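Visitor: Sharing a structure below in C-alpha cells format, with a few things to ask.
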Amino acid sequence: MSLRFFNTLTRKKEDFVPINEREVSIYTCGPTVYNYIHIGNLRTFLFEDILVRYLKYKGYEVHQIMNLTDVDDKTIRNSIQQNVSLNDYTQKFKEAFFKDIQSLNITPAEKYPCATDHIDEMITLIHQLEENGMAYRSEGSIYFSINKFNEYGKLAHLDRDNLKAGASGRVSNDEYEKENIGDFVLWKAYTPEDGDVYWDTSLGKGRPGWHIECSAMSMKYLGETFDIHTGGVDNIFPHHENEIAQSEGVTEKPFVHYWLHSEFLNISGEKSSKSKGNVIYLQDLLDKGFSKEVIRFSLIQSHYRSKVNYSEDILGQAKSTLEGIHHFIQRCQQVDREESLGEPITAIIDKGLKRFEEALDDDLNMSSALAAIFETIREVNKDFDQIGREDVQKIIGFLKRTDQVLGILDFEKSFLEEDIQRLVDERNQARKAKDYHRSDQIRDQLKDKGIILEDTPQGIVWKRLEG
RNA sequence: GGCGUCGUAGCCAAGUGGUUAAGGCGGCGGUCUGCAAAAUCGCUAUCGUGGGUUCGACUCCCACCGACGCCUCCA
C-alpha cells in the first residue's frame, strides 16, 4: 500500500504524491514566542516530527520550514509590560522553545524563519493583493476582502455568509472599520499601545497582521505551491483559511496540496490553553521524574487526529510500556550464544517491519505500528533461549530501524560500571555456593542503584529501571 | 444559531458489511525459579441507547443521550 494522508481540504484520505518525485516540502506553523510552549503545543510538534521522520524513513528528501511568530498583540503587550525590547522579550522564549524540542528529540527543521525578518516579503505580498483588488485600506490599516476570493472557506468548510460574528467570544465585535466582519487585517496601523514596535514602510507606519507572515515565508522558502502544510486543528480557521486566501489571491495557483492537522490534547477533559490556565509545561513533567523518552512516547502513541485526555495515568502506562521494550533490548544485548536460529527470526522481523510500515503508510496509524513492534517482541521472546548473536543483531537492527521514526529507544545502556559488575560477580559466586542470604542482599543493594537482576537458565541478566 | 469530531474491557487504544473485535498498561490463575524477576500460557469487551437498511452491522442510515471542539490573531 502506498502512503496516504487525511487531507483537511477534502476531508478524505488521499494517496500522497509529492510535486517532485523524491522531495517533500513541508511548512509547519511554529510557536508564537510570548510564553513557554506547553505539552499541547508539543503534541503538535511531535506529530510533525513523526511525519518528517517517516517521510525520511521512506527515502524522501524533506525540506521543512517552521516559522517563529515574534511579533503580535501578545508579544508586544508583554514586552511593554515588562519594559524590555520586543527582541529581548521574544529571544528568551525562542531559546526555551529550542531547548524543549531538543529535549523531546524532535528533528530540527531545515530553517526557523522569524516574522520580524520577513517584513519586506510581507509588504510585497500586500502590495500585490492591493493591485489585484483584494485588499482595501481603512483608517491606516489594510484588510483582505474575503468576498473577492471566491473559494474562501474551502479549507474550514465554512459558509462565508453564515459566520456568526463573535460566537467564539474571543474577539471584540467592534471592528466597524472593516467592510465585512469576515475580513481580516493584512497590515495594522500603528497605535500608541504598540510602543516602539512599528515599521515605517510604503504601506504606512504599522506592523503586519498575523496570517501574512506564513504566506510570505512559506512561499519564499518552499515556492508558490508546496506539498504539505500542518498545524493544530485550531489553525484551520481562521489562520490557514486566510493563508490560502492571501497566497492564492496573489499567485492564482494552489497554495498547498495536503493540509494535515493534529487534534487537541485535553487536560481534565478540556482543551489545554494558556487562556484557560490548564496548561502543563515540559518542565513540570520532568520535575515529577518522568523521563524525556517517556514523555515523548506518551505524546506520540495515539493517533494524531484523535483527542487525547492527558493525565499522569497515561504517563505511568507509557513508562511501563517503554520499560518493557528497554528490558527486551537489554536482554538481547546480553545474549552470548554462538548458534543462531536464522531464518525463523528473519521471518518474524520481516513480518513485523511490513506491518509497521503498512500502519504508518495509512495516515500514520501509530497505535497499529506500535502493535507490530510488540507482536514482534512477543514472537522473539517465545524462542528467546534459542537465539544467538546473529539473531540479536537482526532484532536490534529492526528496533533501530523503527526507532528512526519513533525516536524513543535507548540502545546505549548496555554496560555496567566496574563496581557494579564486581557486585554482580560476587552475587554469582554466592548463589553458586547457595549462600542465598548474601545473594539476596546484593540483589537488594543493586536494586537501590536502579539495577534489577534476573536469574535465567542462561545466566544472570540485568536491566536498568527507567528514569 | 451554524459546522464538525468522538463514545470499543478497570485504564489507554486500533480496526472491519461476515475475522477468534489488534496492541499496551493493570488484575487473576498456571508453568518456570532457592525465593524473586523476566518470559510464556490461559482468563479479563459483543463495540453509548433506541430504531432502520441488509441474508448479515460494532462497521451504513436516522433519532436520542453524553463528551469535546471550531465559528476571525489559540498548537
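Numbering (our numbering), first residue to last: 4 to 470. Cβ atoms here follow ideal geometry from the backbone N, Cα and C, with glycine treated the same way. This one's a predicted model, so the numbers in the text were calculated from it and none came from an experiment.
How would you write the range of the beta strand (DSSP E) that F9 sits in, first residue to last?
Guide: Per DSSP, F9 belongs to the beta strand (DSSP E) from R7 to N10.
Visitor: Could you compute how far the alpha carbon of K61 sits from the alpha carbon of L344?
Guide: So the alpha carbons of these two residues sit roughly 29 Å apart.
Visitor: Say the cut is 7 Å; is the CB of I454 nearer than that to a heavy atom of the ligand PLP?
Guide: Within the structure as shown, the ligand PLP is missing, as the structure has no ligands at all.
Visitor: Count the other C-beta atoms from every protein chain shown that fall within 10 angstroms of the C-beta of N23, then say buried if there are 16 or more, exposed otherwise.
Guide: When all chains shown are included, N23 counts as exposed.
Visitor: Using a Cβ distance threshold of 8 Å, determine whether the region 187 to 194 contacts the region 80 to 96, with at least three qualifying pairs required.
Guide: Contact between the region 187 to 194 and the region 80 to 96 is absent, because fewer than three Cβ pairs lie under 8 Å.
Visitor: Looking only at C-alpha atoms, which of S309, F48, C335 and I109 sits nearest to F9?
Guide: When each option's Cα is compared against that of F9, the closest is S309.
Visitor: Can you look up K64 in the DSSP assignment and give me helix, strand or coil?
Guide: A quick correction: the sequence has Glu, not Lys, at residue 64. It is a strand residue.
Visitor: Start and end of the beta strand (DSSP E) containing E457?
Guide: Its beta strand (DSSP E) spans residues I454 to T459.
Visitor: Can you list, in chain order, the residues of its chain whose CB lies under 8 Å from that of R7, leaving out five sequence neighbours each side?
Guide: For R7, where only same-chain residues beyond five positions count, the Cβ hits under 8 Å are K16, E17, D18, F19, D364, D365 and D366.
Visitor: Taking the straight line between their C-alpha atoms, what separation do you get for I122 and K403?
Guide: Approximately 43 Å, taken between the alpha carbons.
Visitor: Taking its Cβ as the centre, do 16 or more other Cβ atoms sit within 10 Å of M125, making it buried, or is it exposed?
Guide: Its Cβ being crowded by 16 or more others within 10 Å, M125 is buried.
Visitor: Closest to Q304 by CA distance: which of G292, I317, S294 and I109 is it?
Guide: Among G292, I317, S294 and I109, the Cα nearest to that of Q304 is on I317.
Visitor: Taking 8 Å as the threshold, find out whether the region 281 to 293 comes into contact with the region 38 to 55 through three or more Cβ pairs.
Guide: Touching, per the Cβ criterion.
Visitor: If you scan the region 389 to 447 from start to end, which runs of the alpha helix (DSSP H) of 4 or more residues do you find wholly inside it?
Guide: As far as the region 389 to 447 is concerned, its whole alpha helix (DSSP H) runs of at least 4 residues are 392 to 409 and 421 to 435.
Visitor: Using the DSSP secondary-structure output, state which residues sit across from T233 in a beta bridge.
Guide: According to DSSP, T233 bridges with T31 and L263.
Visitor: Run through DSSP, which three-state label would T72 get?
Guide: Three-state result, T72: strand.
Visitor: What do you get for Q424, buried or exposed, if any count of 16 or more other CB atoms within 10 angstroms of its CB means buried?
Guide: By the 10 Å Cβ count, Q424 comes out exposed.
Visitor: Can you grab the Cα-Cα spacing for the pair N153 / L225, in whole Å?
Guide: Roughly 25 Å separates the two Cα atoms.
Visitor: Do F240 and L289 have their CB atoms nearer than 8 Å?
Guide: Not closer than 8 Å, so no.
Visitor: In the DSSP assignment, the beta strand (DSSP E) including N312 goes from what residue to what residue?
Guide: Here the beta strand (DSSP E) through N312 covers V311 to Y313.
Visitor: Which term fits D52, buried or exposed, when burial requires 16 or more other beta carbons within 10 angstroms of its beta carbon?
Guide: Classification of D52: buried, given that the 10 Å Cβ count is 16 or more.
Visitor: Suppose you measure from the CA of N281 to the CA of V383; what does that come to, to the nearest Å?
Guide: Approximately 43 Å between the Cα atoms of the pair.
Visitor: Pull up the distance between the alpha-carbon of D177 and that of E142, whole angstroms please.
Guide: With a pLDDT of 49 at D177, under the threshold of 50, the modelled position of this residue cannot be trusted; read the value that follows with caution. Straight-line Cα distance between these residues: approximately 14 Å.
Visitor: So, for Y115: in the same chain, excluding its five sequence neighbours on each side, which residues have a beta-carbon less than 6 Å away from its beta-carbon?
Guide: So the qualifying residues of the chain are M69 and L71.
Visitor: Between D73 and A118, which are expected to be in contact by the criterion C-beta below 8 Å, what is the C-beta distance as a whole number of angstroms?
Guide: About 6 Å separates the two Cβ atoms, so the contact holds.
Visitor: Just the Cα atoms here: how many angstroms apart are L426 and I445?
Guide: Computed Cα separation, rounded: 7 Å.
Visitor: Could you have a look at S301 and say whether DSSP puts it in helix, strand or coil?
Guide: Of the three classes helix, strand and coil, the one that applies to S301 here is helix, per DSSP.
Visitor: In the DSSP output, what is W465 paired with across the bridge?
Guide: Bridge partners of W465: L456.
Visitor: In terms of alpha-carbon separation, which member of A219, H214, Y146 and K157 lies closest to N183?
Guide: It is Y146 whose Cα lies nearest to the Cα of N183.
Visitor: From what residue to what residue does the alpha helix (DSSP H) around F187 run?
Guide: Element bounds for F187: not the alpha helix (DSSP H) but the beta strand (DSSP E), F187 to A192.
Visitor: Reducing DSSP to helix, strand and coil, say where D177 ends up.
Guide: Annotation note: pLDDT 49 at D177 (below 50); position unreliable, coordinate value reported separately. Coil.
Visitor: Leaving out the 5 sequence neighbours to the left and right, which residues in its chain are closer than 6 Å to K208 when beta-carbon positions are compared?
Guide: Taken in chain order, the residues that qualify are Y193 and Y201.
Visitor: Pull up the distance between the alpha-carbon of F387 and that of R299, whole angstroms please.
Guide: Between F387 and R299, the C-alpha separation is close to 29 Å.
Visitor: By a C-beta neighbour count over all protein chains shown, 10 Å radius and 16 as the cutoff for buried, is G136 buried or exposed?
Guide: Classification for G136: exposed.
Visitor: Measuring only the C-alpha atoms, how far is A362 from L373?
Guide: Roughly 9 Å separates the two Cα atoms.
Visitor: Using the Cβ count rule (16 or more neighbours within 10 Å means buried), how would you classify R33?
Guide: According to the sequence displayed, residue 33 carries Gly and not Arg. Buried, because 16 or more other Cβ atoms sit within 10 Å of the Cβ of G33.
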